[in-house]
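S.K.: Following our numbering from start to finish, the sequence shown increments by one per residue and tops out at 226. I have a structure here, written as structure tokens, and I will follow up with some questions on it.
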Amino acid sequence: MSKEMTLLHGINSLRSVRKFRQDPVSDEIIRSILKAATRAASGSNTQPWEFVVVRDARVKARLAEPMLRTWLERLSSGPRMTGRMKEVYDDATEMLRNTEKVPAIIYCCIDLNRVSKSEEVRYASILPSVQNLMLAAHAMGLGTCLTVHGSTSTRGEPEVKKILRIPDHVKIACLVYLGYPTVKLGPPRRKPLEQFTHYDRW
Ligand SMILES: Cc1cc2nc3c(=O)[nH]c(=O)nc-3n(C[C@H](O)[C@H](O)[C@H](O)COP(=O)(O)O)c2cc1C
Numbered sequence: 025m026s027k028e029m030t031l032l033h034g035i036n037s038l039r040s041v042r043k044f045r046q047d048p049v050s051d052e053i054i055r056s057i058l059k060a061a062t063r064a065a066s067g068s069n070t071q072p073w074e075f076v077v078v079r080d081a082r083v084k085a086r087l088a089e090p091m092l093r094t095w096l097e098r099l100s101s102g103p104r105m106t107g108r109m110k111e112v113y114d115d116a117t118e119m120l121r122n123t124e125k126v127p128a129i130i131y132c133c134i135d136l137n138r139v140s141k142s143e144e145v146r147y148a149s150i151l152p153s154v155q156n157l158m159l160a161a162h163a164m165g166l167g168t169c170l171t172v173h174g175s176t177s178t179r180g181e182p183e184v185k186k187i188l189r190i191p192d193h194v195k196i197a198c199l200v201y202l203g204y205p206t207v208k209l210g211p212p213r214r215k216p217l218e219q220f221t222h223y224d225r226w
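This is the structure in structure tokens:
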């Protein structure tokens, strides 16, 4: 881990990386990242997370087909994209086209038997761990991109679950593409804090 990267610097500089070098990500690094993920909070400390780490090129090749197909179907049925949004979607499409070459994909799943039946609690019990995962990766010089694509019934989840042999009682919450970035990205573009902040009342 880079000694200079403080927690706050990591949080403030985390970006979505969609272009990765071919270098593999070691078991040791994957373990450190997942350890950070599994330190997160969860409802009643149920720790309902399950992570499926895919690095096998043959498995990635099988996943690439339904992921890209359902993504392109989604794009063709949606509104025409322009400007910055189009750039993001073009990069997202390019990332999916390169699924086979991405060093690792981590499917972040919820064991529905281990957590409340409330949808809100389920997602609130997995997403802190995903953010930890991405921050830990960032701290170790890796890039990540979260997507929910491939995690809903209309966006490939049944096919993906079949390929990965994920049991019925486990739901894919999201997935994270992971690898060493090809370029260093600038700070995240965000609206000023004042636009979102309320003190004592709305
Ligand atoms: C719920 C969610 C879904 C996302 N889905 C995708 C996706 O399908 N493909 C993709 O490339 N990025 C996806 N992203 C990443 C966002 O596009 C990205 O966070 C946003 O454009 C801001 O860019 P930044 O993270 O580089 O600051 C997703 C992020 C979230 C939180």
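From the three backbone atoms N, C-alpha and C, an ideal C-beta is built for every residue, glycine too. Only a predicted model underlies this, so the values are computations on that prediction, with no experimental measurement involved.
#1: Taking 8 Å as the cut-off, decide whether the C-beta atoms of VAL194 and PRO90 are in contact.
#2: Let me confirm a value: HIS173 is counted as buried when at least 16 other C-beta atoms fall within 10 Å, else exposed. Which label applies?
#3: Can the beta-carbon of LEU5 be found closer than 8 Å to that of LEU58?
#4: Kindly give me the distance between the Cβ atoms of TYR131 and ILE196, rounded to whole angstroms, as I take these residues to be in contact under 8 Å.
#5: With DSSP collapsed to three states, give me the class of TYR113.
#6: Looking at C-alpha atoms only, which residue of ARG213, ASP135, GLN155 and PHE220 is the closest neighbour of TYR201?
#7: So what does DSSP say about VAL83, is it helix, strand or coil?
#8: Please determine, among VAL126, PRO182 and LYS186, the residue with the shortest C-alpha to C-alpha distance to GLY167.
#9: The alpha helix (DSSP H) with VAL172 in it runs from where to where?
#10: Give me the Cα-Cα distance between TRP226 and LEU217, rounded to the nearest whole angstrom.
#11: Using the three-state DSSP reduction, which class does PRO90 fall into: helix, strand or coil?
#12: Measuring alpha carbon to alpha carbon, tell me which of VAL76, ARG42 and LEU31 ends up nearest CYS198.
#13: Quick one: does the C-beta of ASP47 sit closer than 7 Å to a heavy atom of ligand 1?
#14: Drop a sphere of 10 angstroms on the beta-carbon of VAL41, count the other beta-carbons inside from all chains shown, and report buried for 16 or more, exposed for fewer.
M.R.: In short:
#1: no
#2: buried
#3: No information on residue 5 is available, as it lies outside the stretch 25 to 226 that the chain covers here.
#4: 5 Å
#5: helix
#6: GLN155
#7: helix
#8: VAL126
#9: Here VAL172 belongs to no alpha helix (DSSP H), and DSSP marks it neither H nor E.
#10: 15 Å
#11: helix
#12: VAL76
#13: no
#14: buried
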